[in-house]
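Each remark here refers to the structure printed beneath this line.
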Amino acid sequence: MSRAVAIIPARYASTRLPGKPLLEIGGISMIRRTYAQVLKSRQISDVLVATDDQRVMSHLLEYGLNAVWTSDQHESGTQRVCEAFQSLERTFELIVNVQGDEPFVDPQLLDNLVSQLLEGKADIATAKALIQDNPSIQDPNCVKVVCDLDHFALYFSRAPIPFLRGVDTGQWVSTCDFFRHIGIYAFRKSALIKIAKISSSALERAESLEQLGWMENGLKIKVLQTDTFSLSIDTPEDLAKARQLCYGS
Numbered sequence: 237m238s239r240a241v242a243i244i245p246a247r248y249a250s251t252r253l254p255g256k257p258l259l260e261i262g263g264i265s266m267i268r269r270t271y272a273q274v275l276k277s278r279q280i281s282d283v284l285v286a287t288d289d290q291r292v293m294s295h296l297l298e299y300g301l302n303a304v305w306t307s308d309q310h311e312s313g314t315q316r317v318c319e320a321f322q323s324l325e326r327t328f329e330l331i332v333n334v335q336g337d338e339p340f341v342d343p344q345l346l347d348n349l350v351s352q353l354l355e356g357k358a359d360i361a362t363a364k365a366l367i368q369d370n371p372s373i374q375d376p377n378c379v380k381v382v383c384d385l386d387h388f389a390l391y392f393s394r395a396p397i398p399f400l401r402g403v404d405t406g407q408w409v410s411t412c413d414f415f416r417h418i419g420i421y422a423f424r425k426s427a428l429i430k431i432a433k434i435s436s437s438a439l440e441r442a443e444s445l446e447q448l449g450w451m452e453n454g455l456k457i458k459v460l461q462t463d464t465f466s467l468s469i470d471t472p473e474d475l476a477k478a479r480q481l482c483y484g485s
């Protein structure tokens with residue numbers, strides 16, 4: 237087993253879905269479901285949650301799950317992961333960031349991301365999935381990614397990329413392959429240490445996508461294609477879908 241740790245940032249004060257980590261899906265809290273899925277990974281040796289809320293912390297401790305305190309001033313989950321990693325007594329060479337609203341995350345995808353860093357020269361590994369409907373291409377909440385021939389990220393955007401000149405938007409999905417970014421990352425320790433020190437960039441602020449800032453600072457992001465696209469929970473509608481998946485609750 238590799239020396240990889242998974243850190244799950246869990247923020248209680250979600251704007252669109254307050255108290256999100258503790259919302260139940262099929263009688264089990266979202267954060268516990270996410271934790272349990274990550275534990276199934278064969279490449280990850282340790283799992284912990286990084287939170288800034290006493291309610292989340294108490295809930296995790298009640299069930300004997302690992303958790304650490306982090307600041308409530310972080311602007312992103314990655315910043316929370318950076319702080320949590322720096323507080324660890326043990327040294328890990330690889331760190332996996334799984335958001336706390338991913339109760340159906342695929343453990344095999346986590347294994348593949350870790351294996352990519354073990355085998356290659358990337359600083360960071362993440363994933364993409366083929367978009368199969370035109371509305372998602374236009375949706376700014378669906379982040380798109382384009383890569384080079386070696387599968388390193390060239391750019392991430394909330395806008396449709398590539399733009400198809402002279403093609404009706406309703407025909408895009410049948411004309412060209414578009415890929416959605418799946419926001420799960422595996423970092424080399426050196427990359428995460430660098431991310432903790434850099435300031436936000438112009439592109440990062442323009443698109444509100446932190447990975448653009450990492451790329452502007454020279455970090456190479458390998459993007460694996462996957463057929464697995466799990467439901468992340470961002471809205472009440474997502475929560476309703478998740479509950480339908482779990483025993484029709």
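Every number in the working numbering is 236 more than the matching position in the sequence shown, counting from 1. Using N, Cα and C, we set each Cβ at its ideal position, and we do this for glycine too.
In angstroms with no decimal places, state the Cα-to-Cα distance between residue i and residue j.
{"i": "Ser323", "j": "Ile431", "result": "16 Å"}
{"i": "Leu445", "j": "Arg316", "result": "16 Å"}
{"i": "Asn348", "j": "Gln461", "result": "10 Å"}
{"i": "Val350", "j": "Asp342", "result": "13 Å"}
{"i": "Phe414", "j": "Glu298", "result": "43 Å"}
{"i": "Leu439", "j": "Gln447", "result": "9 Å"}
{"i": "Tyr421", "j": "Asn333", "result": "5 Å"}
{"i": "Arg269", "j": "Ala303", "result": "15 Å"}
{"i": "Gln486", "j": "Ala389", "result": "The requested residue 486 does not occur in the structure, where the chain is confined to residues 237 to 485."}
{"i": "Asn370", "j": "Val382", "result": "17 Å"}
{"i": "Met293", "j": "Asn453", "result": "34 Å"}
{"i": "Ser466", "j": "Phe340", "result": "6 Å"}
{"i": "Arg278", "j": "Phe321", "result": "20 Å"}
{"i": "Thr306", "j": "Asp404", "result": "47 Å"}
{"i": "Lys364", "j": "Val459", "result": "6 Å"}
{"i": "Gly402", "j": "Asp375", "result": "20 Å"}
{"i": "Ile261", "j": "Arg441", "result": "34 Å"}
{"i": "Gly300", "j": "Ile373", "result": "41 Å"}
{"i": "Ile244", "j": "Gly255", "result": "16 Å"}
{"i": "Glu443", "j": "Trp450", "result": "13 Å"}
{"i": "Lys433", "j": "Ser410", "result": "42 Å"}
{"i": "Leu475", "j": "Gly419", "result": "18 Å"}
What is the DSSP secondary structure of residue i, counted as helix, strand or coil?
{"i": "Gly419", "result": "strand"}
{"i": "Leu296", "result": "helix"}
{"i": "Leu428", "result": "helix"}
{"i": "Pro254", "result": "coil"}
{"i": "Ile469", "result": "coil"}
{"i": "Thr405", "result": "helix"}
{"i": "Leu448", "result": "helix"}
{"i": "Ser485", "result": "Only weak support exists for where Ser485 lies, its pLDDT of 46 falling under 50; the value from the coordinates is given anyway. Three-state DSSP puts Ser485 in coil, outside helix and strand."}
{"i": "Met237", "result": "With a pLDDT of 49 at Met237, under the threshold of 50, the predicted position of this residue should be treated as unreliable, though the coordinate-derived value follows. The answer is coil: DSSP assigns Met237 none of H, G, I, E or B."}
How would you call residue i, buried or exposed, if buried means at least 16 neighbouring beta carbons within 10 angstroms?
{"i": "Ser485", "result": "Low confidence applies to Ser485: its pLDDT is 46, below 50, so where it sits in the model is not reliable enough to give any reading."}
{"i": "Gly336", "result": "buried"}
{"i": "Pro472", "result": "exposed"}
{"i": "His417", "result": "buried"}
{"i": "Lys357", "result": "exposed"}
{"i": "Thr251", "result": "exposed"}
{"i": "Ala361", "result": "buried"}
{"i": "Asp359", "result": "buried"}
{"i": "Asp384", "result": "exposed"}
{"i": "Asp386", "result": "exposed"}
{"i": "Asp463", "result": "exposed"}
{"i": "Met237", "result": "At Met237, the pLDDT of 49 sits below 50, so the modelled position is not reliable and the matter cannot be decided from this model."}
{"i": "Cys318", "result": "buried"}
{"i": "Arg326", "result": "exposed"}
{"i": "Ala395", "result": "exposed"}
Would you kindly report the start and end of the unbroken alpha helix (DSSP H) that includes residue i?
{"i": "Leu481", "result": "472-481"}
{"i": "Val274", "result": "266-275"}
{"i": "Val409", "result": "408-411"}
Which two residues bound the contiguous beta strand (DSSP E) that contains residue i?
{"i": "Lys458", "result": "457-461"}
{"i": "Leu439", "result": "Taken as a continuous stretch (DSSP letters only), Leu439 belongs to no beta strand (DSSP E), being part of the alpha helix (DSSP H) at 438-443."}
{"i": "Leu259", "result": "No beta strand (DSSP E) holds Leu259; DSSP gives it neither H nor E."}
{"i": "Leu284", "result": "282-287"}
{"i": "Ala303", "result": "303-305"}
{"i": "Ala249", "result": "Run containing Ala249: none; DSSP gives neither H nor E here."}
Note to self: What ranges does the beta strand (DSSP E) occupy inside the segment 319-398, keeping only unbroken runs of at least 3 residues that lie completely in it?
What the structure shows: Counting whole runs of 3 or more residues, the segment 319-398 contains the beta strand (DSSP E) stretches 330-333, 360-366, 380-383, 389-393.
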